[in-house]
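Single-structure report; data block below.
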(Lines of atoms letter the chains of each structure in order from A; the text may use other names.)
(Lines give C-alpha, C1' and ligand atoms only; values in the text may rest on other atoms or scores of the structure.)
Protein backbone atom coordinates (compact mmCIF):
# COMPACT_ATOMS: atom_id res chain seq x y z
CA UNK A 1 0.00 0.00 0.00
CA UNK A 2 1.34 3.42 -0.94
CA UNK A 3 1.76 6.13 1.65
CA UNK A 4 -1.37 8.29 1.67
CA UNK A 5 -0.74 11.72 0.19
CA UNK A 6 -2.68 14.95 0.78
CA UNK A 7 -5.06 14.33 -2.14
CA UNK A 8 -5.82 10.81 -0.91
CA UNK A 9 -6.52 12.11 2.59
CA UNK A 10 -8.92 14.72 1.21
CA UNK A 11 -10.86 12.18 -0.89
CA UNK A 12 -10.81 9.49 1.80
CA UNK A 13 -8.97 6.96 -0.38
CA UNK A 14 -6.94 4.40 1.56
CA UNK A 15 -4.30 4.07 -1.14
CA UNK A 16 -2.91 5.87 -4.15
CA UNK A 17 -4.88 4.75 -7.21
CA UNK A 18 -2.37 6.48 -9.49
CA UNK A 19 0.78 4.85 -8.07
CA UNK A 20 4.12 5.06 -9.83
CA UNK A 21 5.12 1.47 -10.60
CA UNK A 22 8.58 0.47 -11.75
CA UNK A 23 7.27 -0.33 -15.23
CA UNK A 24 5.49 3.00 -15.49
CA UNK A 25 8.59 4.87 -14.34
CA UNK A 26 10.90 3.05 -16.76
CA UNK A 27 8.56 3.70 -19.70
CA UNK A 28 8.23 7.38 -18.77
CA UNK A 29 12.00 7.72 -18.62
CA UNK A 30 12.46 5.84 -21.90
CA UNK A 31 10.23 8.35 -23.70
CA UNK A 32 12.71 11.10 -22.83
CA UNK A 33 15.33 9.57 -25.13
CA UNK A 34 14.37 9.63 -28.80
CA UNK A 35 17.00 7.03 -29.75
CA UNK A 36 15.95 4.53 -27.05
CA UNK A 37 15.31 1.05 -28.44
CA UNK A 38 13.45 -0.30 -25.42
CA UNK A 39 16.11 -2.95 -24.75
CA UNK A 40 16.97 -1.60 -21.30
CA UNK A 41 13.26 -1.30 -20.46
CA UNK A 42 12.77 -4.93 -21.53
CA UNK A 43 15.75 -6.05 -19.44
CA UNK A 44 14.51 -4.18 -16.34
CA UNK A 45 11.02 -5.63 -16.81
CA UNK A 46 12.45 -9.17 -16.92
CA UNK A 47 14.47 -8.52 -13.75
CA UNK A 48 11.32 -7.19 -12.07
CA UNK A 49 9.38 -10.32 -13.08
CA UNK A 50 12.11 -12.59 -11.70
CA UNK A 51 12.10 -10.67 -8.41
CA UNK A 52 8.31 -11.00 -8.13
CA UNK A 53 8.53 -14.74 -8.77
CA UNK A 54 11.25 -15.09 -6.12
CA UNK A 55 9.19 -13.07 -3.63
CA UNK A 56 6.26 -15.39 -4.25
CA UNK A 57 8.48 -18.45 -3.73
CA UNK A 58 9.83 -17.01 -0.46
CA UNK A 59 6.28 -16.47 0.81
CA UNK A 60 5.40 -20.08 -0.04
CA UNK A 61 8.76 -21.59 0.98
CA UNK A 62 7.39 -23.44 3.99
CA UNK A 63 4.55 -25.22 2.22
CA UNK A 64 6.62 -25.78 -0.94
CA UNK A 65 9.47 -27.28 1.14
CA UNK A 66 11.99 -24.76 -0.18
CA UNK A 67 13.76 -24.31 3.16
CA UNK A 68 17.05 -26.03 3.77
CA UNK A 69 20.16 -27.06 1.94
CA UNK A 70 20.05 -28.24 -1.68
CA UNK A 71 23.13 -30.43 -1.21
CA UNK A 72 25.49 -28.52 -3.50
CA UNK A 73 28.46 -26.23 -2.87
CA UNK A 74 28.79 -22.95 -4.82
CA UNK A 75 31.99 -21.49 -6.27
CA UNK A 76 32.74 -19.72 -2.94
CA UNK A 77 32.57 -23.04 -1.10
CA UNK A 78 29.23 -22.21 0.57
CA UNK A 79 26.37 -24.66 0.91
CA UNK A 80 23.64 -23.86 -1.60
CA UNK A 81 20.12 -23.45 -0.27
CA UNK A 82 17.02 -24.58 -2.17
CA UNK A 83 15.83 -20.98 -2.55
CA UNK A 84 19.27 -20.08 -3.99
CA UNK A 85 18.86 -22.72 -6.68
CA UNK A 86 15.31 -21.63 -7.52
CA UNK A 87 16.26 -17.93 -7.57
CA UNK A 88 19.24 -18.62 -9.82
CA UNK A 89 17.10 -20.62 -12.25
CA UNK A 90 14.41 -17.93 -12.31
CA UNK A 91 16.92 -15.18 -13.06
CA UNK A 92 18.66 -17.24 -15.75
CA UNK A 93 15.40 -18.13 -17.48
CA UNK A 94 14.01 -14.59 -17.31
CA UNK A 95 17.24 -12.97 -18.51
CA UNK A 96 17.65 -15.47 -21.34
CA UNK A 97 14.08 -14.86 -22.48
CA UNK A 98 14.55 -11.08 -22.45
CA UNK A 99 16.32 -11.18 -25.83
CA UNK A 100 18.65 -8.47 -24.47
CA UNK A 101 21.45 -10.49 -22.84
CA UNK A 102 24.42 -12.28 -24.34
CA UNK A 103 26.21 -13.66 -21.27
CA UNK A 104 25.13 -14.35 -17.68
CA UNK A 105 27.40 -14.74 -14.65
CA UNK A 106 26.25 -16.09 -11.30
CA UNK A 107 27.94 -17.16 -8.08
CA UNK A 108 25.85 -20.33 -8.27
CA UNK A 109 27.47 -21.40 -11.56
CA UNK A 110 31.15 -22.20 -12.11
CA UNK A 111 31.12 -20.97 -15.71
CA UNK A 112 29.51 -18.06 -17.49
CA UNK A 113 26.23 -18.90 -19.19
CA UNK A 114 26.25 -18.00 -22.86
CA UNK A 115 22.79 -17.13 -24.11
CA UNK A 116 21.80 -18.99 -27.28
CA UNK A 117 22.30 -16.89 -30.40
CA UNK A 118 18.61 -17.04 -31.31
CA UNK A 119 17.81 -15.45 -27.94
CA UNK A 120 20.42 -12.74 -28.42
CA UNK A 121 18.86 -11.44 -31.60
CA UNK A 122 15.84 -9.17 -31.39
CA UNK A 123 14.76 -7.23 -34.46
CA UNK A 124 18.14 -7.93 -36.10
CA UNK A 125 20.11 -6.27 -33.27
CA UNK A 126 22.69 -8.13 -31.18
CA UNK A 127 22.17 -8.30 -27.43
CA UNK A 128 23.88 -5.48 -25.57
CA UNK A 129 23.91 -6.53 -21.92
CA UNK A 130 26.01 -8.88 -19.85
CA UNK A 131 24.36 -9.60 -16.50
CA UNK A 132 26.12 -10.52 -13.30
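Residue numbers (my numbering): 1 to 132. Virtual Cβ for every residue (Gly too), placed ideally from N, Cα, C.
query: Simplified DSSP assignment, three categories, for residue 50; result: helix
query: Residue from 75, 44, 92, 30 whose Cα sits closest to the Cα of residue 108; result: 75
query: Selected residue, minimal CA-CA separation from residue 21, among 42, 48, 60; result: 48
query: Residue 23 - containing alpha helix (DSSP H), residue span; result: 22-30
query: Of the listed residues 112, 98, 117, nearest to residue 39 (C-alpha basis); result: 98
query: Nearest neighbour of residue 85, chosen from 70, 93, 77 [CA to CA]; result: 70
query: Cβ-Cβ distance between residue 87 and residue 50 below 9 angstroms; result: yes
query: Closest by C-alpha distance to residue 94, when choosing among 31, 60, 43; result: 43
query: Residue 81, DSSP secondary structure in three states; result: strand
query: Simplified DSSP state of residue 57, which is helix, strand or coil; result: helix
query: Closest by C-alpha distance to residue 73, when choosing among 100, 110, 114; result: 110
query: With 16 other Cβ atoms within 10 Å as the buried cut-off, status of residue 96; result: buried
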